[in-house]
Structure formats: C-alpha cells, structure tokens
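Novice:
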Amino acid sequence: MQYNKGNLALRVLMFIFLSFWIASSANAMGSTASDIIGNNLCTLVKNLTGSTAKAIGVLAMILVSFGVMTGKVNTWTAMSTVIGIFVLFGASSLVLYISGSSTTGCV
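Position 18 of the sequence shown, counted from 1, bears residue number 17 in numbering that gives the first Met the number 0, the numbering being contiguous throughout.
(1) Quick one: complete alpha helix (DSSP H) runs, 4+ long, within the segment 20-95?
(2) Can you give the beta carbon distance from F88 to G49, rounded, assuming they're within the 8 Å contact cut?
(3) Check whether the segment 38-49 touches the segment 76-91, taking contact to mean three or more Cβ pairs, one atom from each stretch, closer than 8 Å.
(4) Please report the distance separating the alpha-carbon of F14 from that of D34.
(5) Does any heavy atom of the ligand HEM sit closer than 6 Å to the C-beta of S64?
(6) Assuming contact is defined by CB atoms lying nearer than 7 Å, are V63 and T74 in contact in what I supplied?
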C-alpha cells in the first residue's frame, strides 16, 4: 500500500489542528459550570419544549387530524401521535409531580 505524501501531510496537519482545538476548548480547560452534562441536557430539554417545538407539535396535530378526516391516517395512529405530543410537553411537570421537588435546574 502506497501513501501519497501530500495526503499524509494533510492528515498530520489536520491531526495537529484538531488536537490544539480540542485542548483549547472551554470544556477541556475546565469550565466554571459544575454540571456540564446536566447543562447540556437542560439545553436539549429547552429545545424540545420551546416555542419552535410547540409550533411543530401543533402542525403535526393539524396534519394528523386532517389525515383522519380524509381517511388516510388510522385513528389509532392519530391517537398515539396526540398522546406522544402530550407526553413530550407534559414530561417536565410529570417529573416534578412524581419527585415532589420544587422547580430546580432546567425543569
């Protein structure tokens, strides 16, 4: 197997660049946040329950109900879609109810 010298040099330069980039990132240097994974999960929860996600959920309910009215979508499929949307947007209040704790963190 022959190596192309230009390709090998490019790979070495990319490795060096990525190594410095990863080493100088805020997470690698140690950030002031005590819970990095929790903060990233909170960001994910905010994205999944934000205004854009609610608009997508409303559009999904409209499209599914239109599909049921025209006979293209099964009723059980429509019901499972609506239940899934309710569970997605009600999960944070359900977790707070089960855990019995006050609102802390991202929930």
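The C-beta atom is built at its ideal place from N, Cα and C for all residues, glycine as well.
Specialist: Taking the structure as given:
(1) 25-28, 35-47 and 50-69
(2) Not a contact, Cβ separation roughly 10 Å.
(3) yes
(4) 29 Å
(5) The ligand HEM is not part of this structure, which contains no ligands at all.
(6) no
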